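Only one structure is covered here, and it is reproduced in the block below.
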Amino acid sequence: MNRFTKAWHWLAALGLWALAGLAFAGDHANHGGHDHHGHHDHHTPLGMASDIPEGSLHQFDATWQTHRGETLRLSDLAGQSVIVTMMYASCTTACPVLVEDVRRIHQGLSAEQRENVTLLLVSFDTENDTVEVLNEYAHNFRATETPWHFATGSVADVRTLAALLGIRYRKNPSGGYDHSNVIALLNADGEVIHRREGLNQPVTEAVNSLH
Amino acid sequence: MSGWCKQWLWGGLLLAGTVTALAAEPVVVPEGNFEHPVLLDRERRTEWVASFRVDARPVNREDYAAFVEAHPHWRRSAVAGLFHDGGYLRGWSSDVTPDGAPEAPVVQVSWYAARAYCEAQGGTLPSLVQWEYLVDLRRRLNGLSDEDYANAVFAWYGEQRPAAFEDRALGLSGFIGPVNEWLEDYQLLLANGDRVDFGGGSCGDTGRLILRYDSAHYATLLRYQMRSNHAPETTASNLGFRCVYP
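Those protein sequence lines, which keep their order, are chains A and B.
The C-terminal residue of the first sequence carries number 211 in this note's numbering, and the numbering is unbroken.
The C-terminal residue of the second sequence carries number 457 in this note's numbering, and the numbering is unbroken.
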């Protein structure tokens, strides 16, 4: 398994020999039972259910607030495909392109497929991107309709989601966020079935992955 | 062995001076200025680090066994597959029985698991800046030369041998020690979006991002990169962690 098939070659070039000494363990773990303990308000525990596939993001039990003021868990989206990316409202360079890329993938789907797709755009900027800010953002992008969900959550949950999607980011000194540009597609079981890096690329592959 | 019996035994060992369990009490780290040895963005060369508390040693196997006892969904047989690569606590003889010496750092824990442990203690994983600030602070307070530092770090990469750092100033063990350690924001973002890196654009030449071209900075750069190459689900036999607290 590897959601991170996109290697950071230039990092690996220098780092590989150093990694050579690492011993990675094989798969001997026995997965099975489930339990749910220790809710905490700043960091969502990782929820489990035995009928969820091993690689499913539905296992990540964070609660998000959407630009409509609703709460949303990834597991609420079971049975639907999800086009997901991460952005923030005050970003004027890459993020508007990411939003448009999500729109282009969505528009590439058949009418029937569009019935069953959620668009989820989670903000890095937990300080400034309140529900109100995201609502205004959605209006500016004419993206207020049902499939669109601009969402905010806790700092820890934002970092977990980024890790799960293979998105690297960092708050920069000017108060914005540097981030990799990734759009991922989840199937109805919450598994990542397509992941693309970069901006304004052809959408055919993404669209086809949902067939 | 019952929990009570274990506690009694460790208490006895502690009195005998063979296990420094009390050293696990978090150490207060003074605030200070951190000069970034690796330049992660254009504008920032130094950064003020606020005072924080940090575990004096990496989380050990006994600590982690207590955590999985209290949080059954982090036991090896129950942990969700999304949050590890298959090797989670692989060497343990049961869900709650660590392999090897109980006081050795716990390893084969994913980043997700390490974060969950720290959260349960009311803390978090250290940020990259906090961890590297501590490495630097210990060097300065203990009077370690650049050459000794570089030699220790290179030896650590090459042999994974126990720490060459003695810390009489702060009483912290590890850091450049028995295991590499997870950090909250361990993944570097040297590239900004589609740009290859801010240093110019030639691929693979990240060495230019170090502040000075000496062996100490080179040793540090490799640590940053080595860490960054892990996936968050990685469970490696030389990768542990410790927690920090406000």
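Where is the CB? At the ideal position from N, CA and C, for every residue including glycine.
Fair warning: this is a prediction, and the values are worked out from it, not measured in the lab.
| Item | Value |
| --- | --- |
| Contact with chain B by G79 (chain A), beta-carbon distance below 8 Å | no |
| Cβ contact check for the segment 296–308 of chain B and the segment 244–262 of chain B: 3 or more pairs under 8 Å | no |
| Where the alpha helix (DSSP H) containing E54 (chain A) begins and where it ends | Taken as a continuous stretch (DSSP letters only), E54 (chain A) belongs to no alpha helix (DSSP H), as it is neither H nor E. |
| Same chain only: Cβ atoms within 8 Å of L134 (chain A), ignoring 5 sequence neighbours per side | T66, H67, A89, S123, F150, A151, T152 |
| Cβ of W322 (chain B) within 8 Å of any chain A Cβ | yes |
| Chain B contact for L76 (chain A) (CB, 8 Å cutoff) | The sequence shown places Asp at residue 76 (chain A), not Leu. Answer no: the Cβ-Cβ gap between D76 (chain A) and chain B never drops below 8 Å. |
| Selection of the segment 240–256 of chain B by Cβ proximity to chain A, strictly under 8 Å | L251, D252, E254, R255 |
| Whole-angstrom distance between H284 (chain B) and D35 (chain A), CA atom to CA atom | In this predicted model, D35 (chain A) has a pLDDT of only 37, less than 50, meaning its place in the structure is not dependable; the value taken from the coordinates is given anyway. Cα-Cα distance, rounded: 5 Å. |
| Where H179 (chain A) falls, given that 16 or more other Cβ within 10 Å makes a residue buried | buried |
| Outcome for R423 (chain B) when other beta-carbon atoms lying within 10 angstroms are tallied against a minimum of 16 | exposed |
| Proximal chain A residues relative to D359 (chain B), where beta-carbon distance stays under 7 Å | None at all; the shortest Cβ gap to chain A is about 20 Å. |
| Cβ pair S321 (chain B), F294 (chain B) closer than 8 Å | yes |
| Chain A contacts made by the segment 292–303 of chain B, where a contact means CB separation under 9 Å | G292, L293, F294, H295, D296, G297, G298, Y299, L300, R301, G302 |
| Assigned secondary structure, G243 (chain B) (DSSP; H/G/I helix, E/B strand, else coil) | strand |
| Own chain partners of V155 (chain A) with C-beta closer than 6 Å, once the 5 adjacent residues on each side are dropped | T126 |
| Simplified DSSP assignment, three categories, for A138 (chain A) | helix |
| Run of the beta strand (DSSP E) containing T118 (chain A), from where it starts to where it stops | 117–123 |
| Where the beta strand (DSSP E) through V84 (chain A) begins and ends | 81–87 |
| H295 (chain B) - partner residues in DSSP beta bridges | The partner list for H295 (chain B) (beta bridge, DSSP) is empty, contrary to what the question assumes. |
| DSSP-derived helix/strand/coil call for N2 (chain A) | Here N2 (chain A) scores only 41 on pLDDT, less than 50, and its place in the model is too uncertain to base an answer on. |
| Continuous beta strand (DSSP E) stretch holding R264 (chain B): start and end | 263–265 |
| R351 (chain B) - DSSP class collapsed to helix/strand/coil | helix |
| Pick from A:E132, A:V99, A:T130, A:N128 that is closest to L119 (chain A), judged by C-alpha positions | A:V99 |
| is_contact[E54 (chain A), chain E] using C-beta, thresh 8 Å | Annotation note: the requested chain E is absent from the structure, which comprises protein chains A and B. |
| Within-8 Å CB hit, A62 (chain A) to chain B | no |
| Within-8 Å CB hit, A206 (chain A) to chain B | no |
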